[in-house]
Amino acid sequence: MNTDKKEFAAFPEEEALVPSRSRAQEFFRLLNKNRLAFAGLAIFILFFLTAVAGLVLTSGTKPVLDPALVRLPEKLRPPLSRPNLQVLRPEQIPRLGIYLLGTDDLGRDVFARMLQGAWVSLTVGFVAVGISVVVGIFMGGIAGYFGQEQIRADRILVLILLFLGIGLAFLAHPSLGILLFALGICLWILCGRAKLRLEGSPWARFLFAETISVDTLIMRLVDIMLCFPSFFLILTVVALLPASIYNIMIVIGLTSWMGTTRFVRAEFLSLREQDFVTAAKALGVSKWRIIFRHMIPNAMAPVLVSATIGIATAILTEAGLSFLGFGVPPPHATWGNILSDGKRFIFDAPWLTFEPGLAILIVVLSFNLFGEGLRDILNPKLRERY
Amino acid sequence: MTTNNIMLRSTGLKKYFPVRRGFLQRVVGWIKAVDGVDFDIEQAKTLGLVGESGCGKSTVGRLILKLLEPDEGKIIYKSKDITHLSQNELTPFRKEMQIIFQDPFGSLNPRMTAGQSVEEGLRAVGMKGRRERKERVRELLQMVGIPASAADRFPHEFSGGQRQRIGIARALSVEPSLIVCDEPVSALDVSIQAQIINLLKELQARLGLGYLFISHDLNVVGYMSDMVAVMYLGHIMEYAPTDELFDHPLHPYTFALLSAVPAANGTPLKQGLELRGEVPSAFNPPPGCKFQARCPLAEDRCRRTEIPFYEINQNHLVRCWKVV
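Taken in order, these protein sequences are the chains called A and B.
Offset between the first sequence (1-based) and the working numbering: plus 82.
Offset between the second sequence (1-based) and the working numbering: plus 1.
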């Protein structure tokens, strides 16, 4: 096709276009307007750097700052106190030459322990929220995009068997669990094979009857999950599983995906009626490309906001678990178990409770502020329209 | 109604939407959005589809693109029945028929640049090679009057008219022969409307496109179309060549629509018939002729039996026995 622009007179020329401003520029312009969100972001970056530094400085066989080094003569020293060099062996002398945040009841350096705990909080926050966001987008996406499809009765049977199988395999009876799982898969294959043969028979009427829609199934599951007091659900699961930081991350993640699911479903339901999605369908763009390229990027804004706030919640949950003694096993320090250990000395050594408490407060607050700010920034109504 | 180079023919097209109520979401009734629609679109010609909002115009557009599954009737594209093809079997036909939307703000993906939006079509028809695609995108954008340098901009940086042009470029990217224009100018300023309409006309002349032009604006339809179908509550009421329809409207509804059109010199295109009341709900349409509740000529027969088409002359059909 020949392209001669002259043929179409009176069309907008270059000048008719408004000056370009990229998405990132726009983002920072709005962030700049929202000072609290900006402060939240700054504190978050600081926290991130601290946590990374903490990982580097406190891990390994000969860490720079040893969070597990016991100095019994120097217990419960207040913050900023100098070590008593006469009673300490040379390797016990703190590297900073000062107990920046004091020492605890075993004479361990609280600063080193707080640094170690920062990394735990950071990873728990991010991994748990990562899991919940992935599960949430997956479930919400299915409910929103394929929600109207009906599930056949045999599929539900298979699903129940698979879930029971996985549950049993991980929690109580591995062999029985695997058996159920295998049975589920067999049933799935069998039903697929038998469908044609059984067509029309009274058996098939029940076995292949359409029961409920995918949407109903997933959203009722969300409702059920939301009914549990999630903290106690976590406590139960953590009591059953061996105590480790990874189990805690996974459990927190798997009990907090419901909000994301609802957001994503709602976004998908409104997006699939949008003209640009219809246009993509009319062009013959594949289903998966429509979901990943057209719908998910447009559904991310509320997810991002809830994820930021979710990180704060996950950090709090982990601290709560550690405080109750269900968290990361000692001697590994977390903010929660520093707080928990310190409560016995709250009148003699108040810094043991205040320091981790303040750290949790500041980090959670900064995430919440940033999340709230993000909600405003990503709200298209506040963006300048040209 | 028969001519040799018919591109798309729809016969007895029906689409009923279920109305669900209650806890178990039982179907309590049907909305008869499209209730038996027949028309032909000829090669490189425009069929205008007019009617009030809610009469099923847009549904017809989506049905022939197979974005909605028709419940009954046939869609024949270039003498191939595509009514019951699955989404996979439709792939070769996807690039034959395209759509342009009413709302220029909703029709482009806000997270994609203008160029990427147009490129989606090129990908869909399997055009390999980044370079080639980029080059074609530039060509297409220029063809609709958008400078190629604007390919990297996001939709929010364009005006409504410019977005509509990008939407047209996207539709053209797969080199279709039929475009469904779903009220393409209703959301635009009048001055921009003229530009877009002229663009559509020029593209038609140059690329030999057929249009199904859906609109509620009779002036625009009159200017664009070769044939006009007037729709009311899921039925086509009158079907005629544009000049004939405007000069000799027969159906009382067509007549009423024409008398409602304001003209620049103050006198409407037709005079003497004023519509009263609202369009009845498609959920519970009146029996007999769909228009009888508002028709000044309605008699007993109109209320009892469904009125068939009467052929006035070779190309003029009307669904009213009173005016024959």
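We put the beta carbon where it would ideally sit given N, CA and C, even for glycine.
Where do the ends of the alpha helix (DSSP H) carrying residue i lie?
| i | result |
| --- | --- |
| A:TRP417 | 417-424 |
| A:LEU131 | 117-140 |
| A:THR435 | 433-460 |
| B:LEU318 | From DSSP, B:LEU318 is part of no alpha helix (DSSP H) but of the beta strand (DSSP E) over 317-319. |
| A:SER404 | 378-405 |
| A:ALA321 | 312-322 |
Would residue i pass as an interface residue toward chain A - the criterion being a Cβ-Cβ separation below 8 Å?
| i | result |
| --- | --- |
| B:ARG164 | no |
| B:VAL175 | yes |
| B:ARG21 | no |
| B:LEU66 | yes |
| B:LEU9 | no |
| B:ALA294 | no |
| B:ARG27 | no |
| B:ALA206 | no |
| B:ALA125 | yes |
| B:ARG131 | no |
| B:ARG134 | no |
If you run the structure through DSSP and keep just helix, strand and coil, what is residue i?
| i | result |
| --- | --- |
| A:ILE233 | strand |
| B:VAL51 | strand |
| A:TRP339 | coil |
| B:HIS236 | strand |
| B:THR114 | coil |
| A:VAL211 | helix |
| B:GLY211 | strand |
| A:ASP191 | strand |
| B:GLU300 | coil |
| B:GLY57 | coil |
| B:SER260 | helix |
| B:MET128 | coil |
| A:ILE175 | coil |
| A:ASP357 | helix |
| B:ILE167 | helix |
| A:ILE428 | coil |
| B:PRO287 | coil |
| B:ASN89 | coil |
| A:HIS414 | coil |
| B:SER187 | coil |
| B:LEU201 | helix |
| A:LYS369 | helix |
| A:ARG347 | helix |
| A:ALA276 | helix |
| A:LYS157 | coil |
| A:LEU289 | helix |
Taking residue i as part of the beta strand (DSSP E), name the residues at either end of that continuous run.
| i | result |
| --- | --- |
| B:LYS323 | Neither: B:LYS323 is in no beta strand (DSSP E) and is coded neither H nor E. |
| B:GLU245 | Counting along the chain, B:GLU245 falls outside any beta strand (DSSP E), though it belongs to the alpha helix (DSSP H) covering 243-248. |
| B:GLU312 | 311-314 |
| A:THR293 | 292-295 |
In the DSSP assignment, what are the bridge partners of residue i?
| i | result |
| --- | --- |
| B:TYR78 | B:LEU9, B:LYS81 |
| B:PRO19 | B:TRP31 |
| B:ILE100 | B:VAL181 |
| B:SER216 | B:VAL51 |
| B:ILE42 | B:LEU9 |
| B:ASP36 | B:LYS15 |
| B:GLU73 | B:LYS15 |
| A:TYR181 | A:SER163 |
| B:ALA230 | B:LEU50, B:TYR240 |
Thinking residue i and residue j are a contact (beta carbons under 8 Å), I'd like their distance in whole angstroms, please.
| i | j | result |
| --- | --- | --- |
| B:PRO242 | B:MET232 | Not really, about 17 Å apart at Cβ, beyond 8 Å. |
| A:SER338 | A:SER214 | 4 Å |
| A:ILE294 | A:ILE233 | 6 Å |
| A:LEU170 | A:ARG153 | 6 Å |
Mind checking if residue i is an interface residue toward chain B, Cβ cutoff 8 Å exclusive?
| i | result |
| --- | --- |
| A:THR293 | no |
| A:LEU112 | no |
| A:HIS414 | no |
| A:PRO438 | no |
| A:GLY366 | yes |
| A:PHE358 | yes |
| A:ASN419 | no |
| A:PRO379 | yes |
| A:ALA361 | yes |
**Message:** Can you pull out the residues from the segment 88-121 of chain B whose beta carbon lies closer than 7 Å to at least one beta carbon of chain D?
**Reply:** Absent from the structure: chain D. Protein chains present are A and B.
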